[in-house]
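Under the working numbering, the first residue of the sequence shown carries the number 2, and numbering increases by one thereafter. Working notes for the structure below.
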Amino acid sequence: MTVMTVEQVEDFLDDVFPQHMGNIESVGDMRATMRLNIGHEHLRPGPQVSGPTMMGFADVALYVAILAQIGPEPMAVTSDLNCHFLRAASGEHDIIAHAKLIKLGRRLAVGEVLIVSAADETKPVIHVTASYVLPDK
Numbered sequence: 002m003t004v005m006t007v008e009q010v011e012d013f014l015d016d017v018f019p020q021h022m023g024n025i026e027s028v029g030d031m032r033a034t035m036r037l038n039i040g041h042e043h044l045r046p047g048p049q050v051s052g053p054t055m056m057g058f059a060d061v062a063l064y065v066a067i068l069a070q071i072g073p074e075p076m077a078v079t080s081d082l083n084c085h086f087l088r089a090a091s092g093e094h095d096i097i098a099h100a101k102l103i104k105l106g107r108r109l110a111v112g113e114v115l116i117v118s119a120a121d122e123t124k125p126v127i128h129v130t131a132s133y134v135l136p137d138k
């Protein structure tokens, strides 16, 4: 069950994490979808979207999925993040992150993120798994 709307999560992020990247498109039960408009600062030679950009974007998307479930919590922090780069993402198109929580416990959240290019949403460009430590309430 979501406890925060897209607007509430955006307001919270703007307050406590203003340097976050991407725009939230939706939040739902154990899920979030975000879009990143690719700019020059996100590119590596090719021009392709850089690995650090996609990893950071995936991290934010999973954080958004967690926030939507637990409410405003600035100290939910990444404890593990693993990436599999599957194919290049052209720098000419936005990228979209589909985050899904696999486990949401009292102290630990585990999830995965698939990032696709807006040019072809059927083929993932990166698969990320990550876990977050949640603070005591």
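Cβ atoms here follow ideal geometry from the backbone N, Cα and C, with glycine treated the same way.
Please list the terminal residues of the continuous beta strand (DSSP E) segment that includes M35. Note, M35: beta strand (DSSP E), R32 to L37.
With distances taken Cα to Cα, identify the nearest neighbour of Q70 among D81, A33 and N83. Restricting attention to D81, A33 and N83, the CA atom closest to the CA of Q70 is found in A33.
Go ahead and pull the three-state DSSP assignment for G92. When secondary structure is reduced to three states using DSSP, G92 falls in the coil class, being assigned neither helix nor strand.
Excluding the 5 residues preceding and the 5 following D1 in the sequence, name in chain order all residues of the same chain whose CB lies nearer than 7 angstroms to its CB. Because the chain spans 2 through 138 in this model, residue 1 falls outside it and cannot be assessed.
For I25, collect the residues of the same chain with a Cβ closer than 7 angstroms to its Cβ; drop the 5 residues on either side in sequence, then sort them by chain order. Here I25 has V7, V10, E11, A33, M35 and V65 as same chain residues with Cβ atoms under 7 angstroms from its own Cβ, once five neighbours each way along the sequence are excluded.
By the 10 Å Cβ neighbour count, where 16 or more other Cβ atoms means buried, how is M55 classified, buried or exposed? Buried, since its Cβ has 16 or more Cβ neighbours within 10 Å.
Backbone secondary structure at V17 - three-state DSSP: V17: helix per DSSP, three-state reduction.
Taking 8 angstroms as the threshold (C-beta atoms), are P75 and V17 in contact? Yes, they are a contact pair.
Confirm, please, whether the CB-CB distance from S80 to Q49 is below 8 angstroms. Note that the C-beta distance between Q49 and S80 is not below 8 angstroms.
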